[in-house]
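Asks: The opening residue of the sequence shown carries number 109 in our numbering; numbering runs sequentially from there.
Don't be surprised by glycine CBs; every beta carbon is placed ideally from N, CA and C.
Here the structure is a predicted model, which means the values were calculated and not measured.
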Amino acid sequence: LHLAITLILAAACLVLAFLLVARGWRSGKAQSVPTATTLPEGLEWFWEPFLPPAEPPLIVIPNHPLLRAAHDGDSPQTLARGHEIPKAALPEFRDTIHFRELKRFRFVPSVTDFTSVGETIGVVSLCQMFSNVGQKYRLQQSRLVNFEEIKGNNAILLGGNQSWSGRVFLNVQGFHFQGGVITNTKPQPGEKSVYKPEFDPVTNQLRRDYALVLMLPNERSDKRVLLIYGIYTQGSQAAIEYLTNPERMADLRKALMDLSPDHRTVPTYFQALLTTTVENAVPGNFSLVAVRAISN
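#1: Just the C-alpha distance for Asn393 and Thr384, rounded to the nearest angstrom, thanks.
#2: Which value, in whole angstroms, describes the spacing of the CA atoms of Pro391 and Gly338?
#3: Please state the DSSP three-state secondary structure of Tyr377.
#4: With a CB to CB cut of under 6 Å and the five nearest residues on each side skipped, what residues in its chain are close to Arg246?
#5: Excluding the 5 residues preceding and the 5 following Phe222 in the sequence, name in chain order all residues of the same chain whose CB lies nearer than 8 Å to its CB.
#6: According to DSSP, Asp317 sits in a beta bridge with which residue or residues?
#7: In whole angstroms, what is the alpha-carbon distance linking Thr373 and Val321?
#8: With a Cβ-Cβ cutoff of 9 Å, do Leu234 and Ala319 count as a contact?
#9: Going by beta carbon distance, what residues of the same chain come within less than 7 Å of Ser140, once the five residues before and after it are set aside?
#10: Reducing DSSP to helix, strand and coil, say where Arg82 ends up.
#11: If I'm right that Phe158 touches Asn262 with Cβ under 8 Å, what's the distance once you round it to whole angstroms?
#12: Is DSSP giving Arg212 helix, strand or coil here?
#13: With a floor of 3 residues, list each beta strand (DSSP E) that falls wholly inside the segment 285–347, ordered by position along the chain.
#14: Nearest to Thr293 by CA position, among Pro354, Gly282, Gly150, is which residue?
#15: First and last residue of the beta strand (DSSP E) that includes Val232?
#16: Going by DSSP, name the residue or residues bridged to Arg246.
#17: Could you give the residue range of the beta strand (DSSP E) that holds Ile264?
#18: Go ahead and pull the three-state DSSP assignment for His62.
Here it is as structure tokens:
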């Protein structure tokens, strides 16, 4: 009797184990099949030129030229080119590891190694959005991209001050981004002729930034160049957050349709000026300032 009970229990355990393994295998197989979703309607009208079946877009992040703190790992040639600043003259660095570890503050030029925080955070959002709809993409730093490569692809350019960006801006109506400000060539009622960042009068901390978004034609009619340029990196980050927010993009679509004679059609090419509040160097509330249609 005991032997029979033991055999029955053993058989039941084997059956149960088989069922669990089979269920886990089916579940794993189902999860391994990627499912591409579609963008919300509030976003698809804007991003459609960059989505399948279009070729993977080229996303370009900026290389900012700057002076970085030299360290013991640098070559003698690099250190010899350094510009020394007394540590006491840079109290902003007091809480950094550089202040604690470096005996001297020598700054050396760098044009290859650095990009901005806002563009970096923003590019993650863009990559997630494209991955969700099954679209591949190419990410490249601006110093390795030439203008011919931009013209031959769907391209998304993040951050201003790229070496060839001035050529992209040629003959563009409306807003111009140059020299760290955004100029308005033909101000409409309620608009400014120049948009500049705003700073706290006491702390001198950035409290408002602006960004320019341009959807421009490329050499082929089915290709686009999208520029997302913040004056500061906070403006770029806020602009990308705006462009991936369905509710805010509904506002942009309505503003653009109001420019068309029938008030139902979105211009193929356009500009949008955005603004954001900034607190502790982080973008806060962002909103649309103005739009312009660009003639074909």
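Replies: Taking the coordinates as given:
#1: One-based indexing of the sequence shown puts residue 393 at position 285. One-based indexing of the sequence shown puts residue 384 at position 276. Whole-angstrom Cα-Cα distance: 5 Å.
#2: The residue you call residue 391 lines up with position 283 of the sequence shown. The residue you call residue 338 lines up with position 230 of the sequence shown. Between Pro391 and Gly338, the C-alpha separation is close to 11 Å.
#3: To locate residue 377, count along the sequence shown from 1; it is residue 269. If DSSP states are grouped into helix, strand and coil, Tyr377 belongs with the strands.
#4: Taking the sequence shown and counting its residues from 1, the one referred to as residue 246 is at position 138. Hits under 6 Å: Pro164, Leu166.
#5: Walking along the sequence shown from the start, residue 222 turns up at place 114. Closer than 8 Å at the Cβ level, and outside the excluded window around Phe222, lie Asn171, His172, Leu174, Arg176.
#6: Along the sequence shown, read from residue 1 onward, the residue named residue 317 stands at position 209. DSSP output for Asp317 lists Thr384 as bridge partner(s).
#7: The sequence position of residue 373 within the sequence shown is 265, counting from 1. The sequence position of residue 321 within the sequence shown is 213, counting from 1. Distance between the alpha carbons of Thr373 and Val321 is about 19 Å.
#8: For the purposes of this step, residue 234 is taken as the residue at position 126 of the sequence shown. For the purposes of this step, residue 319 is taken as the residue at position 211 of the sequence shown. Not a contact, by the Cβ cut-off of 9 Å.
#9: For the purposes of this step, residue 140 is taken as the residue at position 32 of the sequence shown. With a pLDDT of 44 at Ser140, under the threshold of 50, the modelled position of this residue cannot be trusted, and the question is left open.
#10: The structure shown does not extend to residue 82, since the chain spans only 109 to 404, so no value can be given for it.
#11: If you number the sequence shown from 1, residue 158 lands on position 50. If you number the sequence shown from 1, residue 262 lands on position 154. Confirmed, Cβ separation roughly 5 Å.
#12: As a working mapping, residue 212 is identified with position 104 in the sequence shown. In this structure, Arg212 counts as coil in the three-state DSSP scheme.
#13: With a minimum length of 3 residues, the continuous beta strand (DSSP E) runs that stay inside the segment 285–347 are 289–292, 314–325, 332–338.
#14: As a first step, residue 293 must be located in the sequence shown, where it is residue number 185. It is Gly282.
#15: Against the sequence shown, residue 232 aligns to sequence position 124. Unbroken run through Val232 is the alpha helix (DSSP H), 225–240; no beta strand (DSSP E).
#16: By one-based count along the sequence shown, residue 246 stands at place 138. Note: Arg246 sits in a beta bridge opposite Leu166.
#17: Along the sequence shown, read from residue 1 onward, the residue named residue 264 stands at position 156. 263–266 is the extent of the beta strand (DSSP E) around Ile264.
#18: Not covered by the structure: residue 62. The range shown for the chain is 109 to 404.
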